[in-house]
Amino acid sequence: MGSLQEELAKVYPELGNQLVKDKSVTKTGDQPVTPSQIKYSSEQDWKDDVRPLKYSKDSSPPDVGSEVTHKKKPRPVAKPPSGQKQNKQRAPDTQASEINSGDMKFVHEVYHPASKTSPCPPAKVDTITIAELGFDAVSQAVLTRVSEFKMPEDWVKEGSALQANGGGTSRALSVRVGIDFGTAYTKIAIRAADKVFFVDWDGVRSSPHRYFLPGELSCCTDGGVWLGRTPEKSEVLSNLKLPFISSHPVQSRQLAAAVVFLAWVMRYARAWLYRHQAPLVGNRRLVWEVNLGIPTNSWLSPLKDDYNRIGCWGWQLSQTHDKLTLEAADALMQATPVGLADIGLDGLYPMPEFVAQIAGYVKSPQRRNGLHLLLDVGAGTMDVAVFNVYRESQESEDRFPIFASTVKPLGTHFLMARRSDELGLSSHHWDDFEGTPTTDKLAERLAIDRALLQSIDKYFALRVSDVIGEILHYTKAHRYPNAPEWTAGIPVFLAGGGSTCDVYLRALKQAFEKIKAQPLRTQFPTLETTAVSSIGPDDFHRLSVAHGLTYDAVSIGNIIAPHEIEDIERHATVRERPDRDELYPK
Numbered sequence: 001m002g003s004l005q006e007e008l009a010k011v012y013p014e015l016g017n018q019l020v021k022d023k024s025v026t027k028t029g030d031q032p033v034t035p036s037q038i039k040y041s042s043e044q045d046w047k048d049d050v051r052p053l054k055y056s057k058d059s060s061p062p063d064v065g066s067e068v069t070h071k072k073k074p075r076p077v078a079k080p081p082s083g084q085k086q087n088k089q090r091a092p093d094t095q096a097s098e099i100n101s102g103d104m105k106f107v108h109e110v111y112h113p114a115s116k117t118s119p120c121p122p123a124k125v126d127t128i129t130i131a132e133l134g135f136d137a138v139s140q141a142v143l144t145r146v147s148e149f150k151m152p153e154d155w156v157k158e159g160s161a162l163q164a165n166g167g168g169t170s171r172a173l174s175v176r177v178g179i180d181f182g183t184a185y186t187k188i189a190i191r192a193a194d195k196v197f198f199v200d201w202d203g204v205r206s207s208p209h210r211y212f213l214p215g216e217l218s219c220c221t222d223g224g225v226w227l228g229r230t231p232e233k234s235e236v237l238s239n240l241k242l243p244f245i246s247s248h249p250v251q252s253r254q255l256a257a258a259v260v261f262l263a264w265v266m267r268y269a270r271a272w273l274y275r276h277q278a279p280l281v282g283n284r285r286l287v288w289e290v291n292l293g294i295p296t297n298s299w300l301s302p303l304k305d306d307y308n309r310i311g312c313w314g315w316q317l318s319q320t321h322d323k324l325t326l327e328a329a330d331a332l333m334q335a336t337p338v339g340l341a342d343i344g345l346d347g348l349y350p351m352p353e354f355v356a357q358i359a360g361y362v363k364s365p366q367r368r369n370g371l372h373l374l375l376d377v378g379a380g381t382m383d384v385a386v387f388n389v390y391r392e393s394q395e396s397e398d399r400f401p402i403f404a405s406t407v408k409p410l411g412t413h414f415l416m417a418r419r420s421d422e423l424g425l426s427s428h429h430w431d432d433f434e435g436t437p438t439t440d441k442l443a444e445r446l447a448i449d450r451a452l453l454q455s456i457d458k459y460f461a462l463r464v465s466d467v468i469g470e471i472l473h474y475t476k477a478h479r480y481p482n483a484p485e486w487t488a489g490i491p492v493f494l495a496g497g498g499s500t501c502d503v504y505l506r507a508l509k510q511a512f513e514k515i516k517a518q519p520l521r522t523q524f525p526t527l528e529t530t531a532v533s534s535i536g537p538d539d540f541h542r543l544s545v546a547h548g549l550t551y552d553a554v555s556i557g558n559i560i561a562p563h564e565i566e567d568i569e570r571h572a573t574v575r576e577r578p579d580r581d582e583l584y585p586k
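All residue numbers for the sequence shown refer to full-length UniProt numbering, where the first residue is 1 and numbers rise by one.
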């Protein structure tokens, strides 16, 4: 895999010049490609690039979807999840790819202090910016506004303590905090005494969207770092999670920003529990566990260690009574590592997000053994995973073999950015919580030609369809070709803010049509343990990860990573040539 710039150039060929203008996208010495005017081609062959490009003289087309060879021998699985014979060839990483960001930094905007008369323009990031990702300053979705900022209410500071005021003297109460650290929004759920509570952010944010915390921090001139955008900010840090989707080392400042953000949400979660569930907490001695959601591709990779570290540092920093600063986070990162018990944490478990999403499903009457697909459309990324759900008769735990998965920069913000850029809407804003408008609704709202918008969305949908189709095709060809779901239908989970957008639904349908299979839409069960009755199925899919992260990570099941599964050995059947007597009866 190349850098995020190169990955985006593959997904959006028309951005090729902007994203790789200083790098060759072919072999050393070749000239960079020059995209020509876009022309749409047939949808029949999803392997073909639907956006043909012309290249400069003496240049070669870039390699798209090239596979990465493996140096390590794969570990065999004790028993193939499908029960079929497997060979010794390891699956290509194109089906377990990561977004590589090179030296990408999180986007930050720098402002003069409030005392200055003229605002400072956004600082230029020297590696990759939102604009280079496909946005410009005005087409980026609104995550948070100054008007929504709220200084933390007084009760929030109580979260610095690990026990409620006057508590900790009675019998133990296990409390498990599930943190869905999202690219755009973070959601938290807490499980205690067999109940699950979704944490609202009313104590730090004035917004009707109570359960979603934007992933932005404000750095003030006094060094303090606050959630959201303060009126007196000198710097805004956003895209806090993007560095942790990359296979490249995360920079120290990126780590520090993520640590401060997690420290805030961990402190707030404890304070919220003390305030809103005081009768439950009482004087019980609280025993804390944290499950931190991570992308499927980050599991069993070096990135898992990064999530472990920022989770540990965040929990430690959240207990300080001083203001939270990047410097304080950096000091912790430089200090001698400590054990979880030393910081009052009974367990810290990075958990694949797709497992968290289906945790309730596999424990519910809806459960079906066999092949499943999860499509999670977030703000920045689109995650696709094809996996199996089964349990051996003599075993007590579920198994979740991940046959193929990928993460691509095809989230709703990229869809809306493409729409804005193609339509020349330099001053168009949209609120992310209004939902991603359908093709028809957006055409009506903007009073533009519906056919024009359809052509823009058609290209984007084909790109999404390609990604889903490749995952399905690889699974069918190399992982589980005899799965009954290929003919009976594959249960499909749709999650994330973009899961209801018609562009992604069309893309999903196209991918299944190409593979000649039927998608079976499956709802996430809203379990009776959820203590918030106002959250229905239409909203639960956005909170499903946080809910699933409250399950016991140790007993949730056996997760089998893609690189632990060997491909199916396909033997060509040799047909015997009939003799003359069979062809020509006497």
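Glycine is no exception: its CB is placed at the ideal position from the N, C-alpha and C atoms. It should be emphasised that the depicted structure is a prediction, and the values quoted were computed from it without experimental measurement.
Within this structure, are the beta carbons of V196 and E289 separated by less than 9 Å?
Contact flag unset, no.
What residue range is occupied by the uninterrupted alpha helix (DSSP H) comprising I456?
R450 to Y474
I need the straight-line Cα distance from N297 to F387, nearest angstrom please.
Rounded to the nearest angstrom, the two C-alpha atoms are 13 Å apart.
Please state the DSSP three-state secondary structure of T439.
Look at T439 here: in three-state DSSP terms it is helix.
State buried or exposed for P525, treating a residue as buried only when at least 16 other CB atoms are found within 10 Å of its CB.
So P525 counts as buried.
Measure from the alpha carbon of S364 to the alpha carbon of each residue in D200, Q523 and I565, then state which is nearest.
Q523
What first and last residue would you give for the alpha helix (DSSP H) that runs through V362?
E353 to V362
Is N308 helix, strand or coil by DSSP?
helix
Starting from T412, trace the alpha helix (DSSP H) both ways and give me its first and last residue.
T412 to L423
Out of N165, R191 and F149, which has the shortest C-alpha to C-alpha gap to P208?
F149
Alpha-carbon to alpha-carbon, W264 and V281
21 Å
Bridge partner(s) assigned by DSSP for W226
S218
Suppose contacts are defined by Cβ-Cβ distances below 9 Å. Is L162 in contact with A193 by that definition?
no
Cα-Cα separation, A488 to K476:
Taking the Cα positions, A488 is about 14 Å away from K476.
Between the alpha carbons of S465 and L317, how many angstroms are there, rounded?
43 Å
Taking the C-alpha atoms as reference points, what is the distance between residue 588 and F212?
Since the first and last residues shown for the chain are 1 and 586, residue 588 lies out of range.
Classify I560 as helix, strand or coil using the three-state DSSP reduction.
strand
Buried or exposed: which applies to Y480, given that a residue is buried once 16 or more other Cβ atoms fall within 10 Å of its Cβ?
buried
Please go through the same chain and pick out, in chain order, the residues whose beta-carbon is closer than 7 Å to the beta-carbon of P295, but skip the five residues on each side of it.
I245, E353, D383 and V407
If you follow the alpha helix (DSSP H) that S393 is part of, which residue opens it and which one closes it?
From DSSP, S393 is part of no alpha helix (DSSP H); its letter is neither H nor E.
Can you confirm whether the region 256-271 touches the region 337-349 when touching is taken to mean that 3 or more C-beta pairs between the two stretches lie within less than 8 Å?
no
Is the separation between the beta-carbon of T325 and that of V250 shorter than 9 Å?
no
Three-state secondary structure (DSSP) of G548
helix
For I381, the nearest candidate out of V175, P214 and T183 (CA to CA)
The question names Ile, but residue 381 is Thr in the sequence shown. The candidate whose alpha carbon is nearest that of T381 is T183.
Take the Cβ of H547 as the centre, count every other Cβ of all protein chains shown within 10 Å, and call the residue buried at 16 or more, exposed below.
buried
Does the count of Cβ pairs from the region 491-500 and the region 446-463 closer than 8 Å reach three?
no
Under the three-state DSSP convention, the category D180 falls into
strand
Can you name, in chain order, every residue of its own chain whose Cβ lies under 7 Å from the Cβ of D440, other than the five neighbours on each side?
Within the same chain, D440 has close Cβ partners R450.
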